[in-house]
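Numbering (this note's numbering), first residue to last: 4 to 141.
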């Protein structure tokens, strides 16, 4: 997805950008439909490498990362985001089917702000994103 061009409206540029990185189409669709209804601009990545490239290009306010993805996994993507000064304010939420202590520690060390365990409801997702994006705007 292309970065915003100078000719786009200010309303578009003020729309919070959320990046979802997951190799499961159904989950990306759920996130996209749920958050688009709240006027978030949604970017989608199917793997870690694409997620990192989109994050660096578009500077989202929030990245939703699957832990297990082809190429770079979510923990490695989070580490790379945290070492990029231009992404310092970006919040990271890990989406995981299992939250064991080892994963929680590794993700926390990589810079995770929150965890959301799959399966989750659209309401849970929306509440968490609204909370994080609202806090980022303060």
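All C-beta atoms in this analysis are idealised placements derived from N, C-alpha and C, irrespective of residue type, glycine included.
Among the residues of its own chain, which have a CB less than 8 Å from the CB of residue 90, if the five just before and after it don't count?
The residues 58, 59, 62, 84, in chain order, have a CB closer than 8 Å to that of residue 90 in the same chain once the five nearest residues on each side in sequence are set aside.
Under 8 Å Cβ to Cβ from residue 27, same chain only, skipping five residues before and after it: list those, please.
Within its own chain, the residues whose Cβ lies closer than 8 Å to the Cβ of residue 27, once the five positions on either side in sequence are excluded, are 69, listed in chain order.
Residues near residue 101 in its chain [Cβ-Cβ closer than 6 Å; skip 5 each side]:
Close CB contacts of residue 101 within its chain, under the 6 Å cut and outside five residues either way in sequence, are absent.
Residue environment, residue 19, which counts as buried when at least 16 other CB atoms sit within 10 Å
Result: buried.
Using beta carbons (cut-off 8 Å, strictly below), is residue 64 in contact with chain C?
Within the model displayed, chain C is absent; a lone protein chain is all it includes.
Pull up the distance between the alpha-carbon of residue 94 and that of residue 134, whole angstroms please.
If you draw a straight line from the Cα of residue 94 to the Cα of residue 134, it comes to about 11 Å.
Within 10 angstroms of its Cβ, does residue 137 collect 16 or more other Cβ (buried), or is it exposed?
Burial call: exposed.
With respect to the alpha helix (DSSP H) encompassing residue 191, which residues constitute its N-terminal and C-terminal limits?
Here the chain covers residues 4 to 141 and nothing more, so residue 191 does not appear.
For the candidate residues 42, 74, 96, whose alpha-carbon lies nearest to that of residue 66?
Across the set 42, 74, 96, the C-alpha of 96 shows the shortest separation from the C-alpha of residue 66.
CB-CB length for residue 46 against residue 22, believed under 8 Å:
Confirmed, Cβ separation roughly 5 Å.
Length-filtered (4 minimum) alpha helix (DSSP H) runs lying within the stretch 27–110:
Inside the stretch 27–110, DSSP marks whole alpha helix (DSSP H) runs of 4 or more residues at positions 28–39, 51–61, 77–85, from first to last along the chain.
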